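Visitor:
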Amino acid sequence: MDTRETAAPPPRSPDGRAERFHRIGIYRFIALALLPTVCLLALVYWYVDDNLQEIKTAAESTNQVHLPGILKNQRTLINIESLRRYVETVYNASDAEIRRDALVNALALATESVFEANSRFVEYATSAKSLLYALDAVKKRSDRAQEELARAARLFVQTEARLGVYAGEDRHEAMPAEDDARVSERVLAYCGKLRAAPGTLPRALAQCVTLRESRQAMEKARQRHSDADTEARELWKQFDQLLRKLSDLASSKEAEATHWAMEYISKSARRTHFVFYLSGVLIVLIFCVFILVLHRYILSPLTLASRSLRRIRDGGRVENLPPVRVRELQDMLNILPVVSRHVTDLSARSGLLEQEKDRFRNLSLVDGLTGAGNRRHFDACLARSGRDRPLALLMLDVDMFKLYNDAYGHLAGDSALIAVARTMLEELRGSVDQAFRYGGEEFCALLPGVSAAEALAVGERLRKRIQNLRIPHQSSSVAPHLTASIGVALREAGSPMSNQELTEYADKALYRAKTSGRNQVCFYNPAASSLPGETAL
Numbered sequence: 001m002d003t004r005e006t007a008a009p010p011p012r013s014p015d016g017r018a019e020r021f022h023r024i025g026i027y028r029f030i031a032l033a034l035l036p037t038v039c040l041l042a043l044v045y046w047y048v049d050d051n052l053q054e055i056k057t058a059a060e061s062t063n064q065v066h067l068p069g070i071l072k073n074q075r076t077l078i079n080i081e082s083l084r085r086y087v088e089t090v091y092n093a094s095d096a097e098i099r100r101d102a103l104v105n106a107l108a109l110a111t112e113s114v115f116e117a118n119s120r121f122v123e124y125a126t127s128a129k130s131l132l133y134a135l136d137a138v139k140k141r142s143d144r145a146q147e148e149l150a151r152a153a154r155l156f157v158q159t160e161a162r163l164g165v166y167a168g169e170d171r172h173e174a175m176p177a178e179d180d181a182r183v184s185e186r187v188l189a190y191c192g193k194l195r196a197a198p199g200t201l202p203r204a205l206a207q208c209v210t211l212r213e214s215r216q217a218m219e220k221a222r223q224r225h226s227d228a229d230t231e232a233r234e235l236w237k238q239f240d241q242l243l244r245k246l247s248d249l250a251s252s253k254e255a256e257a258t259h260w261a262m263e264y265i266s267k268s269a270r271r272t273h274f275v276f277y278l279s280g281v282l283i284v285l286i287f288c289v290f291i292l293v294l295h296r297y298i299l300s301p302l303t304l305a306s307r308s309l310r311r312i313r314d315g316g317r318v319e320n321l322p323p324v325r326v327r328e329l330q331d332m333l334n335i336l337p338v339v340s341r342h343v344t345d346l347s348a349r350s351g352l353l354e355q356e357k358d359r360f361r362n363l364s365l366v367d368g369l370t371g372a373g374n375r376r377h378f379d380a381c382l383a384r385s386g387r388d389r390p391l392a393l394l395m396l397d398v399d400m401f402k403l404y405n406d407a408y409g410h411l412a413g414d415s416a417l418i419a420v421a422r423t424m425l426e427e428l429r430g431s432v433d434q435a436f437r438y439g440g441e442e443f444c445a446l447l448p449g450v451s452a453a454e455a456l457a458v459g460e461r462l463r464k465r466i467q468n469l470r471i472p473h474q475s476s477s478v479a480p481h482l483t484a485s486i487g488v489a490l491r492e493a494g495s496p497m498s499n500q501e502l503t504e505y506a507d508k509a510l511y512r513a514k515t516s517g518r519n520q521v522c523f524y525n526p527a528a529s530s531l532p533g534e535t536a537l
């Protein structure tokens, strides 16, 4: 047969007319499909680069022009914050020396030399110095009132203690507050009695006068201390507002410039962000179009080629396929019908080869006369049998077959052997892997996974079926028709018994069946072979 490839016919449309259109290569096709994406990416790169250059210019301008002023104002803000801490120390400190040091530092920071030459800064600094002096004076008055309060309280306590002795009250320094108040009330009541009673001791009356004066002095000192604290608190509030104005004034100018630069950078960043989003959406759309084009002109032809190859693999035929625009894919589709014809021819030849292979296999494994497995097939099956389950071997011998051949001829003997083999195959469900012709008139069978009783039952059924064939055998001393003797041996699962030993035991069982009168089934048990009645049925 001529196997030369023929040129594929030109592609045609569904109505049979020749298709005429320009085809391009796959690399050019991919390049054209990706061109819009590349152009869009280049445009986005140019726009983003331009915005980044503008952002860079704004950042450099901020760094070179506004940053020095920002740093200067930052130092001013630091000085203002230090001034706040010193004034807070002047306001809160109870130690006069600590307050004096803080006042000196605060006055140094409040001078005009600390701030830049600005009229508003000078005005605020002058106000700050005035508030500092006023706060210091108020704190000094508060300290003097505190000292007067302490002296008056000390005199009051001493006088109260002396009068307590006259009044019979024993006052202790560790006395609870409730008891202390009761003692004071009793002492005051005692002073009232002294003024009303005639003949009072002058010394006791003088102590009562001192007690009353010290108590009044305590109330006046406490009031002056409270007024000074209130005035200091008001001065601190005014100073805090002044410091806030200084902070706002120090940061307002450069903050505006910095805010403008940051706002410009923020707008540029938002524009760039929008362009990124827009380009992302466009790229997704272009990608979807690219996928559609790829599916239409590349993936669909590849799917068609894949289906055609599967059809060829399953034995079908492929006729002319529809045209495509990609040159390489069209060349591949044009080759598929040729491949289909070659595969069909190869399949036909392969079928013939399989038939020849099966025929030669039958010739090599099956006995040519009886159709049962031959001796070589028996040896191979026995060698493949595993030891994970029991295996029974039946050896069958046709009784007095030589006399049958002498009496009826070899053709009749062949027919008898064929009948016996067919009976074995029917009993063993037609498996040539279980029924074998061992040689001459001897047959054997392999029964995997059966027990001794089941193997003997199979042998007995087989013996009866051969006897029921009623093949005449007038020369037999056993029966007037053809009979058979069967020997059975069994190898248990996991037994170390070899294949040769199993065959020998089955042969011994067959020999026992023949010597025991023929036409019977005997079982050979190596462990109990010396006991009569256990090896034969």
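Residue numbers are given in UniProt numbering: position 74 of the sequence shown equals residue 74, and the series is strictly consecutive.
Idealized CB from N, CA, C, for every residue including glycine.
These numbers were taken from a predicted model, which means no experiment stands behind them.
Report the partner residues of Cys444 according to the DSSP bridge assignment.
Guide: Paired residues: Met395, Phe436.
Visitor: Counting Cβ pairs closer than 8 Å, one from the region 51-63 and one from the region 91-110, do we hit at least three?
Guide: Contact between the region 51-63 and the region 91-110 is absent, because fewer than three Cβ pairs lie under 8 Å.
Visitor: Looking at the secondary structure, which residues open and close the alpha helix (DSSP H) in which Ile312 lies?
Guide: Note, Ile312: alpha helix (DSSP H), 300-313.
Visitor: Is the number of C-beta pairs between the region 473-483 and the region 504-514 that are closer than 8 Å three or more?
Guide: No, because fewer than three Cβ pairs between the region 473-483 and the region 504-514 fall closer than 8 Å, the two stretches do not touch.
Visitor: Of the choices Ala457, Tyr264, Val293, Gln355, whose alpha-carbon is the least far from that of Glu60?
Guide: Comparing Cα positions, the closest option is Tyr264.
Visitor: For Ala174, which residues of its own chain have a beta-carbon under 6 Å away from its beta-carbon, when the five flanking residues on both sides are left out?
Guide: In this predicted model, Ala174 has a pLDDT of only 41, less than 50, meaning its place in the structure is not dependable; the value taken from the coordinates is given anyway. Counting only Cβ-Cβ distances below 6 Å, and skipping sequence neighbours, we find nothing.
Visitor: Out of curiosity, what's the CA-to-CA distance linking Ala102 and Thr89?
Guide: Ala102 and Thr89: Cα-Cα distance of roughly 6 Å.
Visitor: Return the CA-CA distance between Leu506 and Glu426, expressed in angstroms with no decimal places.
Guide: Here residue 506 turns out to be Ala, not Leu, going by the sequence shown. Each residue's Cα considered, the two are about 22 Å apart.
Visitor: Would Phe274 be called buried (16 or more neighbouring beta carbons within 10 Å of its own) or exposed?
Guide: By the 10 Å Cβ count, Phe274 comes out exposed.
Visitor: For Leu246, which of Leu83, Ala380, Gly449 has the nearest alpha-carbon?
Guide: Looking at the Cα atoms, Leu83 is the closest of the given residues.
Visitor: Grab me the residues of Gln434's own chain with a C-beta within less than 6 Å of its C-beta, minus the 5 sequence neighbours each way, in chain order.
Guide: Here the set comprises Leu428, Ala445, Leu446.
Visitor: Could you spell out where the alpha helix (DSSP H) holding Ser385 opens and where it closes?
Guide: Neither: Ser385 is in no alpha helix (DSSP H) and is coded neither H nor E.
Visitor: So, with DSSP's three-state summary, where would you put Ile265?
Guide: Helix.
Visitor: Ordered along the chain, which non-local residues of its own chain (more than five positions away) have a Cβ less than 7 Å from that of Ser485?
Guide: Excluding sequence neighbours, Ser485 sits near Asp397, Asp399, Leu510, Ala513, Lys514, Arg518, Asn519, Gln520.
Visitor: Going by beta carbon distance, what residues of the same chain come within less than 6 Å of Arg222, once the five residues before and after it are set aside?
Guide: The answer, listed in chain order, is Leu149.
Visitor: Give a yes or no on contact between the region 331-347 and the region 295-315, applying the rule of three or more CB pairs nearer than 8 Å.
Guide: The region 331-347 is in contact with the region 295-315.
Visitor: Would you call the CB atoms of Leu163 and Leu242 closer than 8 Å?
Guide: No, these two residues do not count as a Cβ contact at 8 Å.
Visitor: CB-CB under 7 Å to Asn105, same chain, minus the five flanking residues each way: which ones, in chain order?
Guide: If we look at Asn105 and ignore the five residues flanking it on each side, its Cβ neighbours are Tyr86.
Visitor: Report the rounded CA-to-CA distance for Lys237 versus Lys139, giving the unit in angstroms.
Guide: So the two alpha carbons sit approximately 15 Å from each other.
Visitor: Whole beta strand (DSSP E) runs in the region 472-511 with 3 or more residues, listed along the chain?
Guide: Within the region 472-511, the complete beta strand (DSSP E) runs of at least 3 residues are 484-491.
Visitor: Roughly how many whole angstroms lie between the Cα atoms of Leu391 and Leu490?
Guide: Leu391 and Leu490: Cα-Cα distance of roughly 6 Å.
Visitor: From what residue to what residue does the alpha helix (DSSP H) around Tyr404 run?
Guide: Element bounds for Tyr404: 401-408.
Visitor: Give a yes or no on whether the C-beta atoms belonging to Ser306 and Leu321 are separated by under 8 Å.
Guide: No, these two residues do not count as a Cβ contact at 8 Å.
Visitor: So what does DSSP say about Gly373, is it helix, strand or coil?
Guide: Correct three-state label for Gly373: strand.
Visitor: Helix, strand or coil, according to DSSP, for Val521 in the structure here?
Guide: If DSSP states are grouped into helix, strand and coil, Val521 belongs with the strands.
Visitor: What are the residues that DSSP puts in a beta bridge with Val366?
Guide: Gly373.
Visitor: Rounded to the nearest angstrom, what separates Tyr297 and Leu40 at their Cα positions?
Guide: If I take the Cα positions, the gap works out to 23 Å.
Visitor: Can you give me the start and stop residues for the alpha helix (DSSP H) that Arg99 sits inside?
Guide: Taken as a continuous stretch (DSSP letters only), the alpha helix (DSSP H) holding Arg99 covers 96-110.
Visitor: Given a threshold of 16 other Cβ atoms within 10 Å of its Cβ, counted over all protein chains shown, does Arg99 qualify as buried or as exposed?
Guide: Buried: at least 16 other Cβ atoms inside 10 Å.
Visitor: For Phe360, count neighbouring Cβ atoms within 10 angstroms of its own Cβ and tell me buried if that reaches 16, exposed if not.
Guide: By the 10 Å Cβ count, Phe360 comes out exposed.
Visitor: Rounded to whole angstroms, what's the CA-CA distance from Leu34 to Asn334? Just pull it up for me.
Guide: For Leu34 and Asn334, the distance between alpha carbons rounds to 27 Å.
Visitor: By DSSP, does Ser142 sit in helix, in strand, or in coil?
Guide: Here Ser142 sits in helix by DSSP.
Visitor: Leaving aside the five residues before and after Pro176 along the sequence, list all residues of the same chain whose C-beta is less than 8 Å from its C-beta, in chain order.
Guide: Residue placement at Pro176 cannot be trusted, given a pLDDT of 46 that sits under 50; what the coordinates show is reported in the next sentence. No residues qualify anywhere along the chain.
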